[in-house]
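>
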Amino acid sequence: MSARIAYIASNTFREAVRDRVLYNLIAFALLMSGAAILVGQVSFGIERLVVVNLGLSAVSLFGIVIAIFIGIGLVSKEIEKRTLYTVLSRPVQRWEFIVGKFFGLAGTLAVNTFLMAIGVFAALLYVSRQFHGTDGWIAVALYFSILQFLMMTALALFFSSFASPLMAAVFAFALFVIGNFSEDLRGFAAMTHGLQRWLATGAAYLLPNFSALNIITSVAHEQPVSSSLIFYNTIYALVYTAMVMAAGVLIFQRRNLK
Amino acid sequence: MPAIEILGLEKTYSVGFWRKRPKRALLPLHLKVEKGEVFGFLGPNGAGKSTTLKLLMGLVFPTSGSAKILDMDLDDPRMKARIGFLPEQPYFYDYLTGQELLNYYAQLSGVPGKERSHRVATMLERVGLKDAANVQLRKFSKGMLQRVGIAQAILHNPEVVFLDEPMSGLDPMGRREVRELMEQLKHEGKTVFFSTHILSDAEALCDRVAVINKGELRGVGAISELTSTVQGKIEIVWRGTAIPAALKNMNAEFFVSGDSVRAILPEQQQEAALETLQRERLHLISLTPLRTSLEEYYLQKVQQASANATQTAAGGRA
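This is the structure in structure tokens:
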């Protein structure tokens with residue numbers, strides 16, 4: 118990774134921190150502590166299930182919202198405010214700028230997720246009084262959430278490289294929703310024939326498969342996660358992210374910054 | 037080898053949503069700026085000055101033509117390490133302090149780590165922002181932002197500096213400071229290419245200027261050369277309140293105040309006017325050639341462009 122990418126990433130991270138993006142952690146902390154206290158009082162035997170489900174869903178939701186709403190502004194805001202002019206008039210390639218921005222937001226999300234993970238485990242310890250061996254799978258679910266965030270950040274950046282912030286937000290959010298039903302799309306493709314099948318299969322491969330990365334329910338039920346799933350999900354998410362980033366860079370390379 | 041060589045750079049945008057139509061922002065531009073020159077790029081708003089600068093910075097891509105800076109192509113990163121750029125009405129990362137901003141730009145420009153903090157501190161002092169080094173840019177005034185803008189443009193000791201409307205929006209004090217900074221750059225041997233529509237700044241600073249209007253280059257040269265092409269005038273002052281009839285026919289303007297008359301008339305009428313005053317036995321107080329200003333040249337070129345455009349439009353309708 119070139120030093121310039123690291124500088125841009127570090128500046129993006131600093132921007133997120135100073136723009137108080139990490140303040141979402143306060144809301145998350147309140148949610149987790151409230152849930153832990155409430156669950157302890159109203160449920161019996163399913164405290165762990167509720168806390169894990171709620172905690173992991175909140176981590177995912179908070180992360181996706183940050184990835185979309187910060188991601189869509191990463192490029193368009195720089196063009197609108199013309200801060201990009203003084204960056205690209207230096208020995209910085211356009212692709213380095215995009216990749217630096219991506220790593221900056223990815224870093225922000227990783228730190229955010231790590232801090233929220235501490236909150237999830239703290240709430241779990243509060244309701245269960247001790248950790249169990251199966252709690253390790255929660256870390257895998259959190260890892261999958263980070264992979265989702267990487268894909269979502271790449272998609273938001275991709276849309277941000279050519280669309281207005283509003284349109285980019287609409288596209289990114291729509292893809293997130295569709296991506297959560299991608300298994301259904303694959304099922305639909307299997308049931309159809311001819312052109313329909315081709316189109317449905319093509320769409321299923323083109324759209325992000327977020328449902329494969331969502332193992333919250335199974336982890337809440339203490340079901341193990343296979344190492345092959347971890348491996349294939351990692352490869353899938355990284356390749357998908359790289360391809361979306363490449364498409365975003367390709368568009369941005371040719372864009373006139375009026 | 038010229039510092040900047042523009043070879044037929046042209047830009048046409050597509051405008052409109054459904055039915056795209058071309059809009060020519062810059063007609064083929066040919067221009068050379070030599071090393072060490074302070075070059076003014078003059079024109080009214082919307083003339084194509086910023087488009088030219090954006091093309092040179094690689095922010096927009098030309099429809100045709102090319103350019104070289106320091107004999108390197110516009111997309112060459114080695115060239116970009118040797119130039120500085122201040123955009124028009126700059127806006128910087130306002131969550132950073134002055135020091136952090138310059139440090140970031142120094143990193144991106146490849147200033148070695150060992151030199152960076154010294155270079156940043158020196159630059160802040162040079163533009164008079166030493167005391168504001170740790171203040172976030174969102175608390176900066178417009179003048180301070182312009183100064184930090186100039187600092188980021190010259191921070192990495194570039195050979196060629198491009199400044200887009202560097203005096204725009206500044207108060208007289210701020211303009212004077214920027215002017216002094218540009219003079220310093222000139223003394224350091226840097227090539228400065230700056231766009232402006234404030235002619236007095238161009239007149240005070242530039243070795244050569246180019247006038248552009250409606251995307252077309254209207255003239256280029258040293259200020260003295262350009263202004264010599266515009267017809268000069270003289271001012272004659274004599275005692276009394278009488279204005280001889282012969283002078284009234286000389287396409288002159290007269291201003292009577294107290295017991296003297298001031299007349300402004302074309303330079304070629306000088307001999308005839310003096311003869312008339314002598315014949316009428318009027319007492320001559322002074323004769324002063326009025327220096328033709330860059331403003332007159334500029335207005336002539338800009339008005340000429342407008343007249344040509346009107347003629348073309350009328351011809352098209354006929």
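Residue numbers (my numbering), protein chains in the order written: chain V, 118 to 375; chain S, 37 to 354. Here a beta-carbon is modelled for each residue, glycine too, at the ideal position from N, C-alpha and C. Source: prediction; values computed, not measured.
1) Excluding the 5 residues flanking S/Glu41 on each side, which residues of the same chain have their C-beta closer than 7 Å to its C-beta?
2) List in chain order: all unbroken beta strand (DSSP E) runs of 3+ residues lying wholly within the segment 223-291 of chain S.
3) Name, please, each residue of chain V whose Cβ falls closer than 8 Å to the Cβ of S/Lys116.
4) With 8 Å as the threshold, decide whether the Cβ of V/Arg135 is near any Cβ in chain S.
5) At a cut of 8 Å, does the segment 221-233 of chain S reach the segment 161-181 of chain S through at least three beta carbon pairs?
6) If we ignore side chains and look at the alpha-carbon of each, how far apart do S/Lys226 and S/Ala187 end up?
7) Looking at the structure shown, is V/Gly219 part of a helix, part of a strand, or coil, going by DSSP?
8) Output the distance between the C-alpha atoms of S/Ala354 and S/Gln340, rounded to the nearest integer angstrom.
9) For my contact list, S/Ile321 and S/Ser293 are in at a C-beta cut-off of 8 Å; report their separation, rounded to the angstrom.
10) For the segment 91-103 of chain S, which residues have a CB atom closer than 7 Å to at least one CB atom of chain V, in sequence order?
11) Identify whether S/Arg60 lies in helix, strand or coil by the three-state DSSP scheme.
12) Closest by CA to S/Pro123, which one among S/Val171, S/Pro98, S/Ser100 and S/Leu91?
13) Report the option in S/Pro302, S/Gly72, S/Gln135 and S/Gln305 whose CA atom is closest to the CA atom of S/Gly185.
14) Please report how far the alpha carbon of S/Leu181 lies from the alpha carbon of S/Asp130, in whole angstroms.
15) Taking 8 Å as the CB-CB limit, is S/Ser153 close to chain V?
16) Of all the CB atoms in chain S, is at least one closer than 8 Å to the CB of V/Thr203?
17) Checking the sheet assignment: what are the DSSP bridge partners for S/Gly76?
18) Give the C-beta separation of S/Asn249 and S/Pro58 to the nearest angstrom, bearing in mind that I take them to be a contact with Cβ-Cβ under 8 Å.
19) Find the residues of chain V that neighbour S/Gly146, judging by a C-beta separation of less than 9 Å, and give them in chain order.
20) With DSSP as the reference, identify every bridge partner of V/Gly349, one or two as the case may be.
21) If we ignore side chains and look at the alpha-carbon of each, how far apart do V/Gln99 and V/Thr351 end up?
22) Determine which residues share a DSSP beta bridge with S/Lys68 and list them.
23) On the premise that S/Leu318 lies in contact with S/Ala281, defined as a C-beta separation below 8 Å, what is that separation, rounded to the nearest angstrom?
24) In chain order, which continuous runs of the alpha helix (DSSP H) of length 4 or greater are located wholly inside the segment 210-283 of chain V?
25) In terms of residues, what are the limits of the alpha helix (DSSP H) holding V/Arg131?
26) Any idea what DSSP makes of S/Met203, helix, strand or coil?
27) Can you tell me where the beta strand (DSSP E) holding S/Arg298 begins and where it ends?
28) DSSP has S/Met108 in a bridge; who is on the other side?
29) For the candidate residues V/Ala337, V/Ala359 and V/Ala329, whose alpha-carbon lies nearest to that of V/Ser345?
30) Assuming S/Arg118 and S/Glu213 form a contact by the criterion Cβ under 8 Å, report the distance between their Cβ atoms to the nearest whole angstrom.
31) Are any of the Cβ atoms in chain S nearer than 8 Å to that of V/Thr200?
32) Measure the CB-CB distance between S/Tyr141 and V/Thr200 and report whether it falls below 8 Å.
33) Is the distance from the Cβ of V/Gly236 to the Cβ of V/Met149 below 8 Å?
34) Pick from S/Trp54, S/Leu62 and S/Pro38: whose alpha carbon is nearest that of S/Thr48?
35) Could you check whether the Cβ of S/Glu143 sits closer than 8 Å to any Cβ belonging to chain V?
36) Going by DSSP, what residues sit across from S/Phe198 in a beta bridge?
So, from the listed chains and residues:
1) Lys68, Ala103 and Lys104
2) 227-232, 244-249, 252-258 and 269-275
3) Ser206, Arg207, Pro208 and Val209
4) yes
5) no
6) 15 Å
7) According to the sequence provided, residue 219 of chain V is Phe. The question's Gly does not apply to it. Three-state DSSP puts V/Phe219 in a helix.
8) Residue confidence for S/Ala354 is low, a pLDDT of 48 falling below 50, so the modelled location carries little weight and cannot support an answer.
9) So it is not a contact: roughly 12 Å between Cβ atoms.
10) Met93, Gly94, Leu95, Val96 and Phe97
11) strand
12) S/Leu91
13) S/Gln135
14) 10 Å
15) no
16) yes
17) S/Phe230 and S/Val245
18) About 19 Å separates the two Cβ atoms, so there is no contact after all.
19) Ala120, Arg121, Arg207 and Pro208
20) Checking the displayed sequence, the identity of residue 349 of chain V turns out to be Tyr instead of Gly. Note: V/Tyr349 sits in no beta bridge, so no partner.
21) Examination of residue 99 of chain V is not possible in this model, given that chain V is present from 118 through 375 alone.
22) S/Glu41
23) Wrong, their Cβ atoms sit about 13 Å apart, outside the cutoff.
24) 211-245 and 253-277
25) Ala120 to Arg135
26) coil
27) Ser296 to Pro302
28) S/Ile105
29) V/Ala329
30) Wrong, their Cβ atoms sit about 25 Å apart, outside the cutoff.
31) yes
32) no
33) yes
34) S/Leu62
35) Per the sequence shown, residue 143 of chain S should be read as Gln rather than Glu. Chain V contact via Cβ: present.
36) S/Phe121 and S/Phe229
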